[in-house]
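Here's the structure, in structure tokens; my notes come after.
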Amino acid sequence: MKAYAGRRLRVDLSRGDYCLEDISEAQLKMFLGGRGLNSATLFEEVNPNVNPLSPENVLIIGVGPLTGTICSGSNRFTVSAKSPHTGILGDANAGGFFGPEVKYAGLDQIAIKGRAPKPIYLKIFDGTVEIKDASHLWGKDVWETDLLLKEEVGDSDAKVACIGPAAENGVSYAGVVTSLVRIAARTGMGTVMASKNLKAIVVRGTKPVEVADYDEFDKIVKEIEEQIYSSPDYVGRSTMGSTRLVNPLNQLGFLVSYHFKTGVFEGADKISGETLRDHYNVKVKACGSCPLPCSRFYVIKSGRFAGLAGEGPEYETLGSIGSRCGVDDIEAILKANDKLNRYGMDSITTGEVIALAMECYERGLLTKEQLGGLDLTWGNAEAVLTLIDMIAYKKGIGEKMAYGAKKFGEFVGQGADKLAAQVKGLEIIAGEPRGMKAFALTYAVSSRGADHLRAEPMFEFSNNAELAVKRFGAKEAAFRLEYKAKGRVVKYYEECAALADSLTMCKNISAMLDGAPRYYELEEVASRLLKAAVGWDMSPRDVLQMGERIINIERAFVVREGITRKDDTLPERFLKEPLPPECGPSAGSIVELEPMLDEYYEVRGWDKKTGIPKRSTLERLDLKYVADDLASYGKLAD
Amino acid sequence: MEKGRIVADPRKCTGCRLCEVACSAAHEQVFDPAISRIKVVKVEPIGLDYPSVCRFCGKAACIEACPVGALFRTQGSDIVLLKSEICIMCGACVEACPFGAIVLHPRTRLPIVCDLCSGNPACVARCPTEAIRYITLTEAAKTKSTQSAEAASRSILRSWGVKK
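Chains as they are written, first to last, in this note's numbering: chain A, 236 to 873; chain B, -5 to 158.
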């Protein structure tokens, strides 16, 4: 078995010891790696009685078969644990250079349980592991920690994944940050790390990654590179990255603005990718082995933030801190992005909590006194920057905002809880669901709460009726405002996303594979890559079934935590309040979720009434043990 | 005739390190930046990515530093070669190189240095932004002198009404 390291590192921080164990080929064939293998480990080792912030929770870092190879965009890593933010499945992934270094150190997975008696960091150099004192690092921000640790271990090539003050202070949506700016941000994985007194993981490896058939692998990767370079998306993606989306989404009428009150933002161009490109970016940047430089390094040359420089931001920060809060001051957004990176906080959740507070302020549900004198009028950039500090250090109202929109809405009361844009406790991205129905369904059913990256069903933007009939059985699948066949679309894209996250491949890359950008058939190329890299003979169907298996074990995990169909929903606003007339092509839209859900459960083989996987479905996917486990908790329908 | 070499432009380098894995793949058919002959020096807080590789010095400090004469060149070639059977793996060449362009192989401990892949460097072929090019220094200088001449003459060009 090539491409994998075949090893898992287990660390028990309460006991202060560790061991290395083999990962069986059979298990890798079931769950692939990265997110998939992490989710399977989590299902087996973290049951519903485990408090996410207790020593019993397991923090798992996983990489996949492609990690560390030359394959485009294949250098991500996934961090998983039970989430302290949502109480259900937690995971987040990030790019940069940490993932491949884990592989070069001879590991596919690191599973950490227990709690160290005092702050420590893990030093992993080529499979030798040391637990080192980190008392002097506690309280330091991400940048300070990263740079100090590289100096301390005496190797500038060491890769650091660490937490910042937000995690240490117990903010429930703190992430794990590598390369200063690449943050596995969602669902509070940094918060779990802090609960274990684990400040950082420092990794350095020099072991080679071998593949089964080098010539064939090289050939496939060159084909992938050719597809990327020849894609009509290449120029936009390699100059502006995700920031290119601000203007087009605004034109389509679903750029999240003023906390979802509308899909149009008059200041959109001021915070757009074009503005960043023309006035702030000095060069483009990329993650490990990626031919698509979608990241950018910016410098602010004058004004109140003169000298501020760094990588980013992504579209989600522009949309969440910017239009969602009515902020059109791009330099303030860059400053906010820098703060969020240094504190180690999720920008989507932070933006949502602040935007929710702004709407509550406008409606008179929050007073200036409660806010310690802050004026939360839409667009007040200074107030947004102040609130980020207050949340990270839990000062004043920041203490109430440190646990996300759902809990903040409940604190404010008077109906504010219904305004919180979240599903299962996780905040919705800066993508207005009323303007794209398959995305809306994705938010509702995703295993980590509201999320787009669990599917990214871009097919609904294709307008290709013929292909829609062929692939999903109805022409409506190709149109974003239609409902029919969206259950099928989401099922397929969820499985591709699970494959990408487990290979591990970046979705900015996987979405560009095949002749027609964004309608990918990832299972085809994944099947060839796995044959050449690992030596496995798996048909595209077998490979796609791995994705289906991963979705099902994740569903089983959240079902065991108490999730059922009633939780697969969207906040009332999206179900009842039409997008206003100014939203052009999306005006008047709501989301009619129930028919899409019915179709989705049907094609998934899940019970329509409860949304729980049927025993027959689980057994078809070789998950009998999962079915038995659910039955033992009384959570299996048949 | 002047020989080509790898010339880097850090303004274009994205820091992706594809060159490093491509180098390891070209030499040993594995993926392992630790055995790459080219190295992207990264200083993350200031956004610097600087591809560093052998400069094929006319007066090669590595060859001069070798106590046993294991490093050598053949007539008419700029490439530093190794007689591995007499190398004592002492690392004197690594210490001597002013650019840090030689490292010891993590497993064999033999020095590894750029061999230009027999005239078709794998790193250059894989670079997404042409941040590294395989050209002669004279060609590199010409590009630079043209750019600098145009930059210095902006006001003249403006007065002529010429646009570029």
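Think of the CB as a built atom: it goes at the ideal place given N, C-alpha and C, for glycine as much as any other residue.
Compare the C-beta of residue i against all C-beta atoms of chain B and say whether one is closer than 9 angstroms.
| i | result |
| --- | --- |
| A/P305 | Note that residue 305 of chain A is Ile in the sequence shown here, rather than Pro. Closer than 9 angstroms to some Cβ of chain B, the Cβ of A/I305 qualifies, so yes. |
| A/Y449 | yes |
| A/P752 | Confidence is the limiting factor: at A/P752 the pLDDT is only 47, short of 50, which leaves the residue's position unreliable, though a coordinate-based value still follows. No - not a single Cβ of chain B is within 9 angstroms of the one on A/P752. |
| A/D453 | yes |
| A/P548 | no |
| A/D513 | no |
| A/V517 | yes |
| A/S681 | no |
| A/W378 | yes |
| A/E386 | no |
| A/V412 | no |
| A/K520 | yes |
| A/F312 | no |
| A/V427 | no |
| A/L543 | no |
| A/K358 | no |
| A/D381 | yes |
| A/F540 | no |
Can you find the residues in the same chain that come closer than 6 angstroms, C-beta to C-beta, to residue i, ignoring five residues on each side of it along the sequence?
| i | result |
| --- | --- |
| B/Y44 | P4 and V35 |
| A/F452 | V446, A767 and A768 |
| A/Y596 | L611 |
| A/A345 | First, the amino acid is wrong: residue 345 of chain A is Ile here, not Ala. Closer than 6 angstroms at Cβ, skipping near neighbours: L244 and I296. |
| A/A637 | V406, I626 and K629 |
| A/V314 | I296, A327, V411, A419 and M424 |
| A/E758 | P775, V778 and L779 |
| B/K6 | T123 and A125 |
Enumerate in chain order the residues of its own chain whose CB-to-CB distance from residue i is below 7 angstroms, with the five nearest sequence positions on each side excluded.
| i | result |
| --- | --- |
| B/F93 | S46 and R49 |
| A/G579 | V377, I398, G399, A401, A402, A409, G410, V412, I418 and G425 |
| B/R103 | M83 |
| B/G70 | none |
| A/P820 | L487 and G488 |
| A/G538 | E566 |
| B/H99 | I29 and I106 |
| A/S309 | L301, T302, S524, L738, T739 and M740 |
Check whether chain A comes within 9 angstroms of residue i, counting only Cβ atoms and requiring the distance to be less than that.
| i | result |
| --- | --- |
| B/S18 | yes |
| B/Q141 | no |
| B/I40 | yes |
| B/A134 | no |
| B/K6 | yes |
| B/D43 | yes |
| B/P160 | The requested residue 160 of chain B does not occur in the structure, where chain B is confined to residues -5 to 158. |
| B/V15 | yes |
| B/R120 | yes |
| B/T123 | yes |
| B/P115 | no |
Would residue i be called buried (16 or more neighbouring beta carbons within 10 Å of its own) or exposed?
| i | result |
| --- | --- |
| A/I847 | buried |
| A/I623 | buried |
| A/F178 | What is shown of chain A runs 236 to 873, which leaves residue 178 of chain A out entirely. |
| B/S147 | exposed |
| B/A(-5) | Per the sequence shown, residue -5 of chain B should be read as Met rather than Ala. By the 10 Å Cβ count, B/M(-5) comes out exposed. |
| B/C10 | buried |
| A/A685 | buried |
| A/S466 | buried |
| A/A541 | exposed |
| A/K317 | buried |
| A/R790 | buried |
| A/E551 | buried |
Round the Cβ separation of residue i and residue j to the nearest angstrom and send it over; I've been treating them as touching at under 8 angstroms.
| i | j | result |
| --- | --- | --- |
| A/L575 | A/S582 | 5 angstroms |
| A/K570 | A/L609 | Actually they are not in contact, since the Cβ atoms of A/K570 and A/L609 sit about 17 angstroms apart, beyond 8 angstroms. |
| A/L301 | A/T739 | 6 angstroms |
| A/G498 | A/S492 | 6 angstroms |
Going along the chain, which residues of its own chain have a beta-carbon closer than 8 angstroms to the beta-carbon of residue i, five neighbours each way excluded?
| i | result |
| --- | --- |
| A/T304 | A238, V444, V446, F452, V456, S524 and A768 |
Measuring only between beta-carbons, confirm whether residue i sits less than 9 angstroms from chain D.
| i | result |
| --- | --- |
| B/L12 | In the structure shown, chain D cannot be found, because the protein chains are A and B. |
Ignoring anything shorter than 4 residues or poking outside the region 438 to 467 of chain A, list the alpha helix (DSSP H) runs there in chain order.
Entirely contained in the region 438 to 467 of chain A, the alpha helix (DSSP H) runs reaching 4 residues are, in chain order, 449 to 465.
Secondary structure, beta strand (DSSP E): runs of 3+ residues fully inside the region 494 to 524 of chain A:
516 to 520
Which whole runs of the beta strand (DSSP E) in the region 309 to 347 of chain A are 3 residues long or more, in chain order?
Listed in chain order, they are 312 to 317 and 324 to 329.
Counting only runs that start and end within the region 771 to 845 of chain A, where is the alpha helix (DSSP H) found for 4 or more residues in a row?
775 to 795, 807 to 811 and 828 to 839
Kindly provide the ranges of any beta strand (DSSP E) runs that are 3 or more residues long and lie completely inside the region 368 to 397 of chain A, ordered along the chain.
394 to 397
Any chance you could list the beta strand (DSSP E) runs of at least 3 consecutive residues sitting entirely within the region 541 to 595 of chain A, in chain order?
544 to 546
Output the residue ranges of the alpha helix (DSSP H) runs that lie fully inside the region 698 to 755 of chain A and measure 4 residues or longer, sorted by chain position.
Entirely contained in the region 698 to 755 of chain A, the alpha helix (DSSP H) runs reaching 4 residues are, in chain order, 700 to 707, 721 to 738 and 742 to 745.
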